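S.K.:
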Ligand SMILES: Cc1cc2nc3c(=O)[nH]c(=O)nc-3n(C[C@H](O)[C@H](O)[C@H](O)COP(=O)(O)OP(=O)(O)OC[C@H]3O[C@@H](n4cnc5c(N)ncnc54)[C@H](O)[C@@H]3O)c2cc1C
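Numbering (the working numbering), first residue to last: 1 to 513.
1. Are the beta-carbon atoms of residue 235 and residue 214 separated by less than 8 Å?
2. Can you check which of these residues, 450, 326, 422, 107, is closest to residue 377 by C-alpha distance?
3. Could you tell me the alpha carbon to alpha carbon distance between residue 107 and residue 20, rounded to whole angstroms?
4. When we look at the beta-carbon of residue 490 and count the other beta-carbons within 10 Å, is it buried (16 or more) or exposed?
5. Quick check: what's the CA-CA separation for residue 6 versus residue 96?
6. What residue range is occupied by the uninterrupted alpha helix (DSSP H) comprising residue 478?
7. If you reduce the DSSP assignment to three classes, tell me which class residue 503 lands in.
8. I'd like the span of the alpha helix (DSSP H) that includes residue 84, first residue to last.
9. So, is residue 124 buried or exposed, given that buried needs 16 or more other C-beta atoms within 10 angstroms?
10. Report whether the distance from the Cβ of residue 303 to the nearest heavy atom of ligand 1 is below 7 Å.
11. Quick check on this structure: which residue in 396, 161, 342 has the alpha carbon closest to the alpha carbon of residue 307?
12. Is it right to say residue 58 is buried, meaning 16 or more other beta carbons lie within 10 angstroms of its own, or is it exposed?
13. Please tell me whether, using a cut-off of 7 Å, the distance from the CB of residue 424 to the nearest non-hydrogen atom of ligand 1 is below it.
14. Is the Cβ-Cβ distance between residue 418 and residue 447 less than 8 Å?
15. Pop quiz: residue 400 and residue 464 are said to be a contact at Cβ under 8 Å. What is the actual Cβ separation, rounded to whole angstroms?
16. Which residues mark the beginning and the end of the alpha helix (DSSP H) in which residue 32 is found?
17. How big is the Cα-Cα spacing for residue 348 and residue 159?
18. Give me the residue from 389, 338, 276, 352 with the minimum Cα distance to residue 366.
19. Between which two residues does the alpha helix (DSSP H) harbouring residue 417 extend?
20. Taking Cβ to Cβ, would you say residue 283 is nearer than 8 Å to residue 262?
21. Take residue 212 as the anchor and find which of 120, 259, 110 has the nearest alpha-carbon.
22. Considering only the alpha carbon of each residue, which of 151, 60, 69, 460 lies closest to residue 372?
And the structure:
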């Protein structure tokens with residue numbers, strides 16, 4: 001008699017808890033095979049980041065350790081994803097098994113979407129039962145977007161998937177797997193760690209247990225003062241923000257599990273510790289932003305490289321850089337711009353694969369507006385460095401910081417590295433940490449000795465006007481096209497005149513974009 005076997009194919013969901021694919025597979029079949037495939041595509045894509053790869057191998061290694069506790073293990077296969085998976089399925093079938101495939105879709109890159117379509121077609125053609133799910137909240141029909149908020153919160157408050165019943169692996173299954181071209185997770189992680197760059201600090205440790213510890217320590221203590229600490233780069237690198245980005249990106253913890261832990265704690269402390277409750281509420285917004293960025297990517301995958309508004313195409317594009325732009329770009333990447341706070345941030349980015357939100361925003365506006373280098377170049381450099389690199393957030397944020405989005409607002413933000421050094425690192429602790437030559441000097445001395453590569457105020461005025469004019473052009477076109485009258489159009493909070501509430505809300509969302 002043919003025996004059922006469930007194959008759980010992991011992607012950006014490297015966890016056992018609150019994982020629908022794992023939960024369903026273990027419920028629906030007694031024998032499970034847990035698989036991760038390393039596709040050669042992965043190492044050749046221009047957005048690869050080696051610190052991120054290192055983190056991913058730590059996660060795989062940790063997942064294998066977890067499974068081994070139950071007498072099972074993670075099988076890591078290498079090869080083109082669809083042919084490797086179909087080869088595994090065929091081998092199991094040839095040995096008398098009836099395989100069923102489970103996976104959570106990965107929507108980050110077009111390669112992932114095409115891979116999922118191809119394996120679905122293969123399963124359909126070969127009568128392989130397939131159960132696919134999603135790893136986070138996602139609407140599939142753009143017409144439902146008016147309800148996004150409501151549906152999002154409903155999802156975040158629903159019960160997590162039950163604990164999976166992981167059973168030991170049968171020796172026969174391992175024998176079949178061993179006949180495939182495969183290698184063990186432990187060996188691979190160990191070998192690769194020898195060739196990957198070593199961060200000066202270990203801000204991030206991969207794996208589900210490490211993720212849960214980070215959630216717990218953040219919500220219990222570190223979240224205190226989150227609202228104001230979030231903008232201080234020295235405090236952020238010392239754990240004032242959750243540092244959960246890489247875990248959410250690789251799915252070692254679900255966004256919903258973090259949300260429920262935080263929201264639950266907020267309810268418990270709201271009466272006695274309103275400030276802490278407020279900090280947690282601010283944090284919950286960030287988690288929602290994350291999912292809303294993913295949602296945008298799902299409906300508009302082209303926005304990864306396409307400007308949100310075509311008016312900006314002449315300024316922001318992937319054309320070769322001029323020698324001057326190339327010099328600015330190289331100095332920006334290497335942290336030798338002569339702006340101490342920016343240089344400290346770019347040094348940290350290279351070493352830690354992390355900088356806090358404000359440093360990211362400052363680096364992005366400086367490169368795109370002051371240096372006149374297209375956001376495409378900066379976004380790719382960030383992806384090459386960030387451990388939490390996430391295309392949905394990163395590329396959209398780059399467009400935002402470059403001044404493209406929300407053109408109906410007459411203002412847009414540019415961050416001065418000098419002002420931010422005075423305001424956000426007034427003791428120079430961060431700059432001292434990353435730029436040893438500044439140690440022992442106060443902010444005034446550091447700034448008086450700095451030799452900036454360009455005139456910030458002048459470039460802000462000249463290049464900022466170019467962006468401002470393009471925003472105005474875009475704004476006028478949108479207003480004319482939509483035939484809409486704006487009330488308070490000269491403010492950042494323009495609202496639509498004469499529209500019913502529903503249209504107004506929809507339009508406001510459009511404006512917010
Ligand atoms: C130019 C630029 C590029 C960015 N690229 C990325 C990226 O590739 N990956 C990434 O996770 N974040 C990115 N961010 C957003 C933000 O800077 C980071 O999420 C945050 O600094 C990560 O630190 P943390 O995990 O301690 O976040 P916390 O402050 O503890 O927030 C928790 C989580 O909420 C989400 N989040 C926080 N801020 C934002 C935001 N502004 N937009 C959307 N989601 C958010 C992230 O998943 C984050 O891990 C970018 C911001 C800018 C300005």
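C-beta: ideal position from N, C-alpha, C; glycine also.
In this text, all values refer to a predicted model and were calculated from it rather than measured experimentally.
M.R.: Straight from the coordinates:
1. Residue numbering aside, residue 235 sits at position 235 when the chain shown is read from its first letter. Residue numbering aside, residue 214 sits at position 214 when the chain shown is read from its first letter. For residue 235 and residue 214, no; Cβs fall outside 8 Å.
2. Within the chain shown, residue 377 is the residue found at index 377, counting from 1. Looking at the Cα atoms, 326 is the closest of the given residues.
3. Here residue 107 refers to the residue found at position 107 when the chain shown is read from its first residue. Here residue 20 refers to the residue found at position 20 when the chain shown is read from its first residue. So the alpha carbons of these two residues sit roughly 16 Å apart.
4. Working through the chain shown from its first residue, we reach residue 490 at position 490. Interpretation of residue 490 is limited by its pLDDT of 49, a score under 50 that renders its predicted location unreliable; no figure is taken from the coordinates.
5. Numbered from 1 along the chain shown, position 6 holds the residue referred to as residue 6. Numbered from 1 along the chain shown, position 96 holds the residue referred to as residue 96. Using only the alpha carbons, I get a separation of about 14 Å.
6. In the chain shown, the residue the question calls residue 478 occupies position 478. Run containing residue 478: 456-482, per the alpha helix (DSSP H) assignment.
7. The sequence position of residue 503 within the chain shown is 503, counting from 1. For residue 503, the predicted model reports a pLDDT of 42, less than 50, meaning its position is unreliable; a value from the coordinates is still stated below. Correct three-state label for residue 503: helix.
8. Here the question's residue 84 lines up with position 84 in the chain shown. Per DSSP, the continuous alpha helix (DSSP H) segment holding residue 84 begins and ends at 81-94.
9. Sequence index remark: in the chain shown, residue 124 carries index 124 (1-based). With fewer than 16 Cβ atoms within 10 Å of its Cβ, residue 124 is classed as exposed.
10. In the chain shown, residue 303 corresponds to position 303, counting from 1. For ligand 1, not one heavy atom lies less than 7 Å from the Cβ of residue 303.
11. The residue you call residue 307 lines up with position 307 of the chain shown. Of the listed residues, the one whose Cα sits closest to residue 307 is 396.
12. Translated into positions along the chain shown, residue 58 becomes position 58. That one is buried.
13. Working through the chain shown from its first residue, we reach residue 424 at position 424. Not so, every heavy atom of ligand 1 lies at least 7 Å from the Cβ.
14. The residue you call residue 418 lines up with position 418 of the chain shown. The residue you call residue 447 lines up with position 447 of the chain shown. Yes, Cβ-Cβ distance for residue 418 and residue 447 is below 8 Å.
15. Taking the chain shown and counting its residues from 1, the one referred to as residue 400 is at position 400. Taking the chain shown and counting its residues from 1, the one referred to as residue 464 is at position 464. About 15 Å separates the two Cβ atoms, so there is no contact after all.
16. Walking along the chain shown from the start, residue 32 turns up at place 32. Looking at the DSSP string, residue 32 is not in any alpha helix (DSSP H); the run it does join, the beta strand (DSSP E), is 32-38.
17. Taking the chain shown and counting its residues from 1, the one referred to as residue 348 is at position 348. Taking the chain shown and counting its residues from 1, the one referred to as residue 159 is at position 159. Taking the straight line joining both Cα atoms gives about 39 Å.
18. Counting from one through the chain shown, the residue named residue 366 turns up at place 366. Ranking the options by Cα distance to residue 366, first place goes to 338.
19. In the chain shown, counting from the first residue as 1, residue 417 sits at position 417. Segment 417-424, the alpha helix (DSSP H) holding residue 417.
20. Start at 1 with the first residue of the chain shown, and residue 283 comes out as number 283. Start at 1 with the first residue of the chain shown, and residue 262 comes out as number 262. Cβ atoms of residue 283 and residue 262: closer than 8 Å.
21. By one-based count along the chain shown, residue 212 stands at place 212. Residue nearest to residue 212 within the set 120, 259, 110 is 259 (criterion: CA-CA distance).
22. As a first step, residue 372 is located in the chain shown; it is residue number 372 there, counting from the start. Taking each of 151, 60, 69, 460 in turn and checking the Cα distance to residue 372, the smallest one comes out for 460.
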